[in-house]
Structure formats: structure tokens, C-alpha cells
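Participant: I am attaching a structure below and will ask some questions about it afterwards.
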Amino acid sequence: MLEIIAETLTDALAIEQNGGDRIELVSSLSEGGLTPSYGLVKQVISQVSIPVNVMIRPHSASFEYSREDLEVMREDARIFNEMGVKHVVLGILDYEGLPNMEALDYILEDTNLTATFHRAIDESSDLVAALNLLETNKRITHILTSGGPGKAEDHLDMIRKLIEETEDITLILASGITKENLQAIRNHMDFALEGAKEKPKDYDIHVGTAVRGGSALNAVRAEEVEKLRAIYDLHRMI
0 MLEIIAETLT DALAIEQNGG DRIELVSSLS EGGLTPSYGL VKQVISQVSI PVNVMIRPHS
60 ASFEYSREDL EVMREDARIF NEMGVKHVVL GILDYEGLPN MEALDYILED TNLTATFHRA
120 IDESSDLVAA LNLLETNKRI THILTSGGPG KAEDHLDMIR KLIEETEDIT LILASGITKE
180 NLQAIRNHMD FALEGAKEKP KDYDIHVGTA VRGGSALNAV RAEEVEKLRA IYDLHRMI
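With numbering that gives the first Met the number 0 applied, the sequence shown closes on residue 237, and no number is skipped along the way.
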């Protein structure tokens, strides 16, 4: 699937109308994406038909959160669930640099939400150990990752290893993916995965600034979504 970040209703409509498969809805893309407003969430989920994954991230200071932060995140999850959101995006690390499973359970309990664990995993102390922990929580269906700090194209071997390790979780490749390097990244991944002992799960692709002229301050550009979609589909046909 091709997942694209939306920051406004206009973004979301442009993504759906020009080939995006799924939306990650955020505010403050320039800070890596924070929790969007309830009004924006309501409008987007009522006006688009493709899946909408909603960010829950109260600030960009750290992926270790205070008790007060967790209460805010839990309340956001509860309200989003009541609004009809099906899937959220969040990530929390503990003091050892691994996913804070207790906090994840606390935020998601009493909801029907499934979740993507976002790029907090790229700052974890052990990516494989983090993946194995996340596999124990059946609410976590996806992991958004570049395989480490920085861009996905710099960590393709680690991403391959993570894909081979997964059982129930789907990886979403992110960070620095553009129309110029998308096909090369997918060719590399597919060739590397051909030698796997068992057929691994497929992976998704995630982009943000690649459809905004390279800047988080710009709106989604319809023509850029179309171009990326065409490259994505061309690869699938090869």
C-alpha cells in the first residue's frame, strides 16, 4: 500500500483522488507529525473513503512520555474511537529504549483501535528486540520504520531483517522515499527478500514531503501523488 501524510482536509482529498491507498493524518508535519484536531479528524473520516490512520503524539520533545502525557494520549484514543476512527499511529519508548508495552496497553484499552507503532522504533536500543516485543500486542498491526536513524535507503539491510522477522506485523518503509528512489528501493528489497527461507510479508511505502515539493511546509501536490502512484504501480507490474 502507498500511505501518504495529510495535514489538512485538502491534503486528504488530494491524496484519495490521485492514487493514495491510505492516509496518515497529522498536525505539525514540520515536527514529525503531532495529534491532529478533532475537527480535522471528523471532516477527513467523513469525506474520504480510503483508510485514515490518525496520529497520537502530544509533542515532539521525546518518545518517553510523562504520566500527564499518557493521560492526554489515552483521552485522545478514547475520543477518536468514539468518532469512528479505526486505526491510530503512536510510539512510546521506556527508559531502556524499548517499546513501552504497558503504556501502549493503557492508551488503547477500552477502545477498538488497532495501531501502527511509528518511527520511535528507529530510536530504540535494539530494533529486533523492539519488533519482537510489539509482536506480543495484537493491537499493533504495523510498524513505521526507516530501519534506524535517518533515511530508509541507508538501512535497507536492517529493514530486510525486520521484514523476515515479522509474523503478524506489516512494516511500512518511511523517510526519504521519493519518486526518484522509490523503484530502486523496492528493487533492492524484493531482490534481497527473494532468498528468504519463507515468503515474507509484503511491506508498505510511506511518504510525506515527497509529494510536497520536498518541504513539510507545503500542501500535498496532486501531480506529485499521481507521479508517485505511477511509479509504485509500474514496479508492481514488473
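Here a beta-carbon is modelled for each residue, glycine too, at the ideal position from N, C-alpha and C.
Alpha carbon to alpha carbon, how far is Gly-147 from Leu-126? Give it in angstroms, no decimals.
Facilitator: Their Cα atoms are separated by approximately 8 angstroms.
Participant: In chain order, which beta strand (DSSP E) runs of at least 3 residues are fully inside the segment 116-152?
Facilitator: Qualifying beta strand (DSSP E) stretches, in chain order: 139-144.
Participant: Does DSSP put Met-236 in a helix, in a strand, or in coil?
Facilitator: Note that Met-236 scores a pLDDT of 48, beneath 50, so its modelled location is shaky; the value from the coordinates is reported in the next line. Reduced to three states, the DSSP call for Met-236 is helix.
Participant: Are the segment 61-70 and the segment 127-137 touching by the rule of at least three beta carbon pairs closer than 8 angstroms?
Facilitator: Taking 8 angstroms as the limit for Cβ pairs, the verdict is that the segment 127-137 does not touch the segment 61-70.
Participant: List the residues that DSSP assigns as beta-bridge partners of Ser-26.
Facilitator: DSSP output for Ser-26 lists Leu-33 as bridge partner(s).
Participant: What are the partner residues of Leu-172, as DSSP defines its beta bridges?
Facilitator: For Leu-172, which the question treats as bridged, DSSP gives the partners Thr-144, Ile-204.
Participant: Looking at Asp-259: is its Cβ nearer than 9 angstroms to the Cβ of Arg-21?
Facilitator: Here the chain comprises residues numbered 0 to 237, so residue 259 is not present and cannot be evaluated.
Participant: By DSSP, does Glu-55 sit in helix, in strand, or in coil?
Facilitator: Rather than Glu, the amino acid found at residue 55 in this sequence is Ile. Correct three-state label for Ile-55: coil.
Participant: Under 8 angstroms Cβ to Cβ from Lys-137, same chain only, skipping five residues before and after it: list those, please.
Facilitator: These residues qualify, in order along the chain: Asp-167.
Participant: Can the beta-carbon of Thr-34 be found less than 9 angstroms from the beta-carbon of Ala-218?
Facilitator: Not closer than 9 angstroms, so no.
Participant: Report yes if the CB atom of Leu-97 is closer than 9 angstroms to the CB atom of Arg-118, and no otherwise.
Facilitator: Contact: no.
Participant: For the alpha helix (DSSP H) that contains Val-210, what are its first and last residues?
Facilitator: Premise fails: Val-210 is in no alpha helix (DSSP H) and is neither H nor E.
Participant: Could you give the residue range of the beta strand (DSSP E) that holds Leu-1?
Facilitator: Residues 1-5.
Participant: DSSP state of Thr-177, grouped into three classes?
Facilitator: Reduced to three states, the DSSP call for Thr-177 is coil.
Participant: Along the alpha helix (DSSP H) that carries Leu-89, what are the first and last residues, could you check?
Facilitator: Leu-89 -> not in any alpha helix (DSSP H); beta strand (DSSP E) instead, spanning 86-89.
Participant: Hey, out of Leu-69, Ile-120, Arg-185, Ser-29, whose CA is closest to Ile-106's CA?
Facilitator: Nearest C-alpha to Ile-106: Leu-69.
Participant: Which value, in whole angstroms, describes the spacing of the CA atoms of Ala-11 and Leu-216?
Facilitator: So the alpha carbons of these two residues sit roughly 15 angstroms apart.
Participant: Can you check DSSP and say which residues form a bridge with Pro-50?
Facilitator: Answer by DSSP bridge pairing: none, since Pro-50 is not bridged.
Participant: Restricting to Cα atoms, I'd like to know which of Gly-149, Glu-23, Gly-90 is closest to His-58.
Facilitator: The shortest C-alpha separation from His-58 is found at Gly-90.
Participant: Hey, Leu-133 and Met-157: beta-carbon distance below 9 angstroms or not?
Facilitator: No, the Cβ-Cβ distance between Leu-133 and Met-157 is not below 9 angstroms.
Participant: Leaving out the 5 sequence neighbours to the left and right, which residues in its chain are closer than 6 angstroms to Glu-223 when beta-carbon positions are compared?
Facilitator: These residues qualify, in order along the chain: Val-210.
Participant: Please state whether the Cβ-Cβ distance between Ile-14 and Val-47 is less than 9 angstroms.
Facilitator: Yes, the Cβ-Cβ distance between Ile-14 and Val-47 is below 9 angstroms.
Participant: Which whole-angstrom value describes the C-beta separation of Met-188 and Leu-155, a residue pair presumed to lie in contact below a C-beta threshold of 8 angstroms?
Facilitator: So it is a contact: roughly 6 angstroms between Cβ atoms.
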